[in-house]
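All residue numbers for the sequence shown refer to UniProt numbering, where the first residue is 1 and numbers rise by one.
Where a beta carbon is used, it is the ideal one built from N, C-alpha and C, also for glycine.
Encoded as structure tokens, the structure appears first; notes follow it.
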Amino acid sequence: MTMATSHDAGVQGTYRDPAAVVSDAIHDGKKHLLLAASGSVATIKLPLIISSFETHPNLSIRVIVTKAATKFLAGQSPEQPTVPSLALLPHVDAVYLDEDEWIDPWTRHSKILHIELRRWAHLLAIVPMSANLLAKVTGGLCDDLLTTVIRAWDVKRAIIAAPAMNQMMWLNPITAKQLAILAEEWDWFEILSPQVKQLACGDVGQGAMCDWHEIVAVIEERLAST
């Protein structure tokens, strides 16, 4: 198992480019699940989602955590462990931050992480997808590791997205317009709608991420068909 936050280490403890490590694992015979979390309080459900796959055989999980998502995983409470601790969960082979994207200095023919992750993954699940990420993706922006993976995605493979935001953000006409792009124009996206409940901010309404048990069930079904 490796944990990529600035670099990957090989068996001898020497430097290994994270992109090269992913490239070497593409044909390892396993099912490949790429999980991503963006800046929403629902990020704290990520450890529960990952742990639920403990008994699955022949599974490899790699995790992308955006800069905003790291704010919710800083060891504040038992339900909010640290980002490095994700690498200790079952089947997790690496956790990536934005700074893992490029080697400095980059040279021609070097592997590129977002391209290798796209080649490696059988399924991408964005749990949660924040309002900001939704806007960036539908606008075509790709200014961090996760959005570049999404922009470079092979659209013959599925992307599961579980939006999570305040209920007024969810009801905003801008959100409806952006969701229509994913749901009606881009058929490689599968949207898991948020649930109605009391939100972390105290408001009550639709906006909380889809129940994590349901997310796991959908991921299992989609992986089984790959």
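Burial state of residue i, where buried means 16 or more other Cβ atoms lie within 10 Å
| i | result |
| --- | --- |
| residue 120 | buried |
| residue 217 | exposed |
| residue 109 | exposed |
| residue 177 | exposed |
| residue 8 | In this predicted model, residue 8 has a pLDDT of only 48, less than 50, meaning its place in the structure is not dependable; the value taken from the coordinates is given anyway. So residue 8 ends up on the buried side. |
| residue 92 | buried |
| residue 84 | exposed |
| residue 58 | exposed |
| residue 207 | buried |
| residue 209 | buried |
Simplified DSSP assignment, three categories, for residue i
| i | result |
| --- | --- |
| residue 9 | At residue 9, the pLDDT of 41 sits below 50, so the modelled position is not reliable; the number obtained from the coordinates is stated separately. In the structure shown, residue 9 sits in a strand (DSSP, three-state: E or B). |
| residue 158 | coil |
| residue 44 | helix |
| residue 85 | helix |
| residue 90 | coil |
| residue 217 | helix |
| residue 224 | helix |
| residue 51 | helix |
| residue 126 | strand |
| residue 108 | coil |
| residue 2 | Any reading at residue 2 must be qualified, since the residue scores a pLDDT of 47, below 50, and its modelled position is unreliable; the value itself is stated next. Three-state result, residue 2: coil. |
| residue 176 | helix |
| residue 26 | coil |
| residue 152 | coil |
Strand pairing of residue i, partner residues [DSSP]
| i | result |
| --- | --- |
| residue 193 | None, per the DSSP bridge assignment. |
| residue 67 | BP columns for residue 67 are empty, so no partner. |
| residue 265 | One cannot answer for residue 265 here, as it falls past the ends of the chain, which runs 1 to 226. |
| residue 80 | 77 |
| residue 37 | 65 |
| residue 163 | 129 |
| residue 95 | 63 |
Supposed close pair residue i, residue j - CB separation, criterion 8 Å
| i | j | result |
| --- | --- | --- |
| residue 34 | residue 65 | Contact doesn't hold; Cβ gap of about 12 Å is too wide. |
| residue 182 | residue 191 | 6 Å |
| residue 62 | residue 94 | 5 Å |
| residue 23 | residue 99 | That pair is no contact at about 19 Å. |
| residue 40 | residue 165 | 7 Å |
| residue 111 | residue 20 | 5 Å |
Residue of the options minimising C-alpha distance to residue i
| i | options | result |
| --- | --- | --- |
| residue 213 | 49, 183, 141, 189 | 49 |
| residue 135 | 106, 124, 172 | 172 |
| residue 125 | 111, 139, 160 | 160 |
| residue 128 | 204, 90, 55, 211 | 211 |
| residue 73 | 143, 31, 157, 38 | 38 |
| residue 186 | 157, 83, 56, 41 | 157 |
| residue 184 | 138, 153, 206, 143 | 138 |
| residue 67 | 88, 47, 101, 87 | 101 |
| residue 151 | 170, 165, 114 | 114 |
| residue 220 | 22, 54, 208 | 54 |
| residue 70 | 143, 44, 17 | 44 |
| residue 32 | 94, 60, 132, 208 | 60 |
| residue 36 | 144, 20, 78 | 144 |
| residue 29 | 131, 122, 77, 155 | 122 |
| residue 146 | 209, 133, 155 | 133 |
| residue 90 | 111, 200, 164, 47 | 47 |
| residue 224 | 56, 78, 162 | 56 |
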